[in-house]
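Using our numbering, you'd call the opening residue of the sequence shown number 551 and step up by one each time.
See below for the structure under consideration.
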Amino acid sequence: MTARTAGFTTIVLGAGAAGLMAAATAGQAGARVLVLDHAPHAGRKILISGGGRCNFTNMDTGAGQFLSANPHFAKSALARYTPADFLALVQRHRIPWHEKAAGQLFCDRSARDIVDMLRRECAAGQVDVRVSHRIIDVTRDGAGQYRVETDHGIFHAPNLIVATGGLSIPKLGATGLAHDIARRFGLRIVAPAPALVPLTFGAQDREWMEPLAGLSVTVGITCHEGEGRLARQATFRDGMVFTHRGLSGPAILQASSYWQPGQALDIDLLPGIDAGRRLQEIKRDRPRAGGVAMLSMLLPQRLAQLMAQAHLPDGQLAGMPDAVLANVGRILSGWRLNPHGTEGYVKAEVTRGGVDTDCLSSRDMQARDVPGLFMVGEAVDVTGWLGGYNFQWAWASGHAAGQAAAERGG
Ligand SMILES: Cc1cc2nc3c(=O)[nH]c(=O)nc-3n(C[C@H](O)[C@H](O)[C@H](O)COP(=O)(O)OP(=O)(O)OC[C@H]3O[C@@H](n4cnc5c(N)ncnc54)[C@H](O)[C@@H]3O)c2cc1C
Numbered sequence: 551m552t553a554r555t556a557g558f559t560t561i562v563l564g565a566g567a568a569g570l571m572a573a574a575t576a577g578q579a580g581a582r583v584l585v586l587d588h589a590p591h592a593g594r595k596i597l598i599s600g601g602g603r604c605n606f607t608n609m610d611t612g613a614g615q616f617l618s619a620n621p622h623f624a625k626s627a628l629a630r631y632t633p634a635d636f637l638a639l640v641q642r643h644r645i646p647w648h649e650k651a652a653g654q655l656f657c658d659r660s661a662r663d664i665v666d667m668l669r670r671e672c673a674a675g676q677v678d679v680r681v682s683h684r685i686i687d688v689t690r691d692g693a694g695q696y697r698v699e700t701d702h703g704i705f706h707a708p709n710l711i712v713a714t715g716g717l718s719i720p721k722l723g724a725t726g727l728a729h730d731i732a733r734r735f736g737l738r739i740v741a742p743a744p745a746l747v748p749l750t751f752g753a754q755d756r757e758w759m760e761p762l763a764g765l766s767v768t769v770g771i772t773c774h775e776g777e778g779r780l781a782r783q784a785t786f787r788d789g790m791v792f793t794h795r796g797l798s799g800p801a802i803l804q805a806s807s808y809w810q811p812g813q814a815l816d817i818d819l820l821p822g823i824d825a826g827r828r829l830q831e832i833k834r835d836r837p838r839a840g841g842v843a844m845l846s847m848l849l850p851q852r853l854a855q856l857m858a859q860a861h862l863p864d865g866q867l868a869g870m871p872d873a874v875l876a877n878v879g880r881i882l883s884g885w886r887l888n889p890h891g892t893e894g895y896v897k898a899e900v901t902r903g904g905v906d907t908d909c910l911s912s913r914d915m916q917a918r919d920v921p922g923l924f925m926v927g928e929a930v931d932v933t934g935w936l937g938g939y940n941f942q943w944a945w946a947s948g949h950a951a952g953q954a955a956a957e958r959g960g
């Protein structure tokens, strides 16, 4: 028996988080849905997410936790499909979960629970999910039908939901297909770049960083995005880890989403502490201590040694001029480092940039000038912070497009 190639009202490209959600939503609303993916299994990124436990949402999700050239774009979809909606789905499927850090929800058992749930939701909508299908060409004919040519045949439908994600983790099947399709249909692309990714440093910095590899410290980093009326800033207070190539850890991953080549990073090594005043207190209480002993009270030993060597004279604190301590205080509160680059798409959890939101309707993710073409998930220029926000965007944008595609019908 040959598989059906006609009669679909919606084709979804990509069986990842956003694609499966869009397909299930459309199918359950009456659309006849086909999902195509080139990977051998659906939801592969979900399976490795959150250390295998999938941080499937964040209860505090709002547009403020996303980067985008238009910071307002995500509001509509996020408001219409909320973390509470996804949690209700998880609970309906009796998937055990727990809250790890504030608002971050994870599976108790395994991320597979989420993939299985989405598969069951697709089955409930009679969605036809086909994996190991290589997409060869995507066009639209004069009658407004999308034509998807694959190595297993040609498929047609009046609605096309593009959910093939970004460029992160090519070995899991990531490609630039969504961006290529967008360009082909005249949609603009905001330059993509690796995000939520470790930062690398040049040879000179690596020389002094190398002995610190593995060391972890809680830091504060303030990041800036946009200009003028759209300018926003965010401060992340979280762990930073020295690696053999540079810096990683949650605070650095968050900062990487904002970082632009050539920019410096100002790292507060003592977040929430008035460093200058604290150094003066230590000098008063322990005048015979040396610089390393003083900084060891505030920083891990190896980092304290490095800082003392670089910025403090030898000798007891009693003999150290206040101006020297004040200067070290300023350095500790705003340690300026100059990243060289990032670990790239091989290590990036997400891709920032993507399909320009100006070309899409924020209500249903449909291309403004191309009826029936929808762009969802990571393919779009909406990038979440670390902590479950990216999946919530995938669910919300997928849901919005799935509903609208079903309403358009065929
Ligand atoms: C290691 C890691 C851990 C993560 N952990 C979390 C987490 O815990 N919480 C969180 O919120 N986010 C997490 N993320 C981010 C999250 O996985 C993504 O934001 C999310 O998967 C994006 O969903 P999507 O459906 O847009 O894309 P994807 O999930 O990437 O799905 C895209 C699908 O399209 C298919 N595809 C791509 N190109 C083609 C092509 N040319 N032809 C056919 N099919 C194609 C792919 O095979 C894939 O199935 C993590 C990411 C990584 C890499």
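For each residue, glycine too, the CB sits at the ideal point set by N, CA and C.
Asked	Found
Which residue marks the beginning of the beta strand (DSSP E) containing W885, and which one marks its end?	885-887
May I have the straight-line CA-CA distance separating F941 from H949, to the nearest angstrom?	12 Å
Identify the residues that DSSP records as bridge partners of C773: which are they?	A784
On the criterion of 16 or more Cβ atoms from any shown chain inside 10 Å, does S806 qualify as buried, or is it exposed?	buried
Let me check understanding here. Comparing Cα to Cα, which of D610, H648, D835 lies closest to C604?	H648
Note down the Cα distance separating E775 from I704, rounded to an integer number of angstroms.	43 Å
How big is the Cα-Cα spacing for A613 and L637?	19 Å
By alpha-carbon positions, which one of W935, H683, A707 ends up nearest to D691?	A707
Express the C-alpha separation of T785 and K625 in angstroms, rounding to a whole number.	21 Å
Could you check how far apart the C-beta atoms of P748 and R787 are, in whole angstroms? I think they sit under 8 Å.	Going by Cβ atoms, the distance from P748 to R787 rounds to 19 Å, so no, they are not a contact pair.
Shorter than 7 Å, the distance from the beta carbon of G623 to the closest heavy atom of ligand 1, or not?	At residue 623 the sequence reads Phe, which differs from the Gly that was named. The answer is no for F623.
Give the straight-line distance between the Cα atoms of A946 and T632, rounded to the nearest whole angstrom.	7 Å
What's the C-alpha gap between D701 and R684?	6 Å
What is the rounded straight-line gap between the Cα of D835 and the Cα of W885?	25 Å
Throw me the rounded Cβ distance for the T901 and L717 pair, which I believe falls under 8 Å.	5 Å
What residue range does the alpha helix (DSSP H) around L1018 cover?	Past the edges of the chain, shown from 551 to 960, lies residue 1018, and the structure says nothing about it.
Output needed for T689: all residues of its chain with C-beta closer than 6 Å, excluding positions within five of it in sequence on either side, in chain order.	R697
Nearest by alpha-carbon distance to I817: which of G580, T793, T559, T768 is it?	T768
From L746, V791, Q695, pick the residue whose C-alpha is nearest to that of G934; which is it?	L746
Taking 8 Å as the CB-CB limit, is A638 close to chain B?	Given the protein chain composition of this structure (a single chain), no chain B is represented.
I believe A573 touches V585 by the beta-carbon criterion, under 8 Å. Please report the beta-carbon distance rounded to the nearest angstrom.	5 Å
What do you get for D658, buried or exposed, if any count of 16 or more other CB atoms within 10 angstroms of its CB means buried?	exposed
Measuring alpha carbon to alpha carbon, tell me which of N620, G879, L655, G904 ends up nearest L936.	L655
Out of R828, M759, D824, state which residue places its alpha-carbon closest to the alpha-carbon of S798.	M759
Go ahead and pull the three-state DSSP assignment for A745.	strand
Please name the residue in I561, A661, V874 whose C-alpha comes closest to that of E699.	I561
What's the call for E757, buried or exposed, on a 16-neighbour Cβ count within 10 Å?	exposed
Quick one: is the Cβ of Y939 within less than 7 Å of any heavy atom of ligand 1?	yes
Which residues in the same chain have their Cβ closer than 7 Å to the Cβ of S911, if we skip the five residues on either side of it in sequence?	R918
Just checking T907 against ligand 1 - is the residue's beta carbon closer than 7 Å to any of the ligand's heavy atoms?	no
Using DSSP's beta-bridge definition, name the partner residues of L797.	L749, F792
Which complete alpha helix (DSSP H) runs does the segment 665-722 hold, if anything under 4 residues is left out?	none
Assign W647 to one of three DSSP states: helix, strand, or coil.	strand
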